[in-house]
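Below you'll find the structure, written out as structure tokens, and then a few comments.
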Amino acid sequence: MAQLHCASWRATYRGIVPDAYLDAMDVEDRARRYDFASPDPSAPATVLGVNWGGIVGFVTTSASRDPDGAGLGEICALYLHPEHVGRGSGAALLRAGLRALLAVGFTEATLWVLPENHRARRFYERQGFVADGTAKVFTLAGAEIPELRYRGSLLEA
Numbered sequence: 001m002a003q004l005h006c007a008s009w010r011a012t013y014r015g016i017v018p019d020a021y022l023d024a025m026d027v028e029d030r031a032r033r034y035d036f037a038s039p040d041p042s043a044p045a046t047v048l049g050v051n052w053g054g055i056v057g058f059v060t061t062s063a064s065r066d067p068d069g070a071g072l073g074e075i076c077a078l079y080l081h082p083e084h085v086g087r088g089s090g091a092a093l094l095r096a097g098l099r100a101l102l103a104v105g106f107t108e109a110t111l112w113v114l115p116e117n118h119r120a121r122r123f124y125e126r127q128g129f130v131a132d133g134t135a136k137v138f139t140l141a142g143a144e145i146p147e148l149r150y151r152g153s154l155l156e157a
């Protein structure tokens with residue numbers, strides 16, 4: 001999963017976030033960040049997309065982490081191996097994540113996307129998500145990176 005995560009970031013964010021950050025991403029370091037054994041029911045949950053060749057992608061969900069997100073679910077991450085982009089795996093994983101949020105009582109969810117990630121923005125818009133006008137900036141490798149928040153209903157997931 002960590003290998004997929006790094007490969008996805010390098011393919012998706014090249015030219016959007018600092019190349020030096022992407023080039024320095026370390027699979028072993030990324031793997032140490034995952035905690036799939038938490039007994040806390042409010043901890044993020046991850047669904048893997050797999051085929052005969054291994055993991056093709058994953059979606060991670062949780063309650064919204066935003067200060068104004070009470071009562072909302074969140075798609076925290078949705079990443080595909082670059083070889084599987086555009087083949088339907090992303091839509092299937094998103095639906096699985098939305099169903100998981102619905103199963104624990106959420107009826108709406110948010111997600112954050114980089115404004116320059118046009119492919120992802122089109123994808124989320126096709127899935128019924130709409131930019132809600134909320135933006136923020138985070139710092140990565142000394143660069144300020146903007147994000148836009150999208151919001152969507154889970155009732156059609």
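For reference, each letter of the sequence shown is one residue, going 1 to 157 in the numbering used here. Glycine residues also receive a C-beta, built at the ideal position from the N, C-alpha and C atoms.
Return the residue from the list the options that minimises the CA-CA distance to residue i.
i: residue 155; options: 130, 133, 141, 106; result: 106
i: residue 56; options: 77, 48, 63; result: 48
i: residue 21; options: 9, 31, 32, 28; result: 9
i: residue 119; options: 72, 30, 31, 11; result: 11
i: residue 102; options: 65, 88, 71, 126; result: 71
i: residue 95; options: 27, 60, 83, 31; result: 60
i: residue 99; options: 83, 75, 84; result: 75
i: residue 27; options: 87, 3, 19; result: 3
Below 9 Å between beta carbons: does that hold for residue i and residue j?
i: residue 13; j: residue 117; result: yes
i: residue 115; j: residue 147; result: yes
i: residue 69; j: residue 111; result: no
i: residue 79; j: residue 121; result: no
i: residue 32; j: residue 5; result: no
Taking just the CA atoms, how far does residue j sit from residue i?
i: residue 129; j: residue 108; result: 10 Å
i: residue 135; j: residue 77; result: 17 Å
i: residue 43; j: residue 1; result: 18 Å
i: residue 113; j: residue 124; result: 9 Å
i: residue 58; j: residue 142; result: 28 Å
i: residue 40; j: residue 62; result: 11 Å
i: residue 158; j: residue 24; result: Outside the modelled stretch of the chain, which goes from 1 to 157, sits residue 158, for which no answer is possible.
i: residue 51; j: residue 81; result: 12 Å
i: residue 93; j: residue 36; result: 18 Å
i: residue 91; j: residue 38; result: 27 Å
Decide if residue i is buried, meaning its Cβ has at least 16 other Cβ atoms within 10 Å, or exposed.
i: residue 139; result: exposed
i: residue 104; result: exposed
i: residue 53; result: exposed
i: residue 137; result: exposed
Extract the residue ranges of the alpha helix (DSSP H) inside the stretch 50-104, only unbroken runs of 4 or more that lie entirely within it.
89-103
Runs of alpha helix (DSSP H) lying entirely within the stretch 11-39, each at least 4 residues, in chain order
19-24, 27-32
Jot down the residue ranges of each uninterrupted beta strand (DSSP E) in the stretch 97-145, minimum 3 residues, whole runs only, in chain order.
108-113, 130-140
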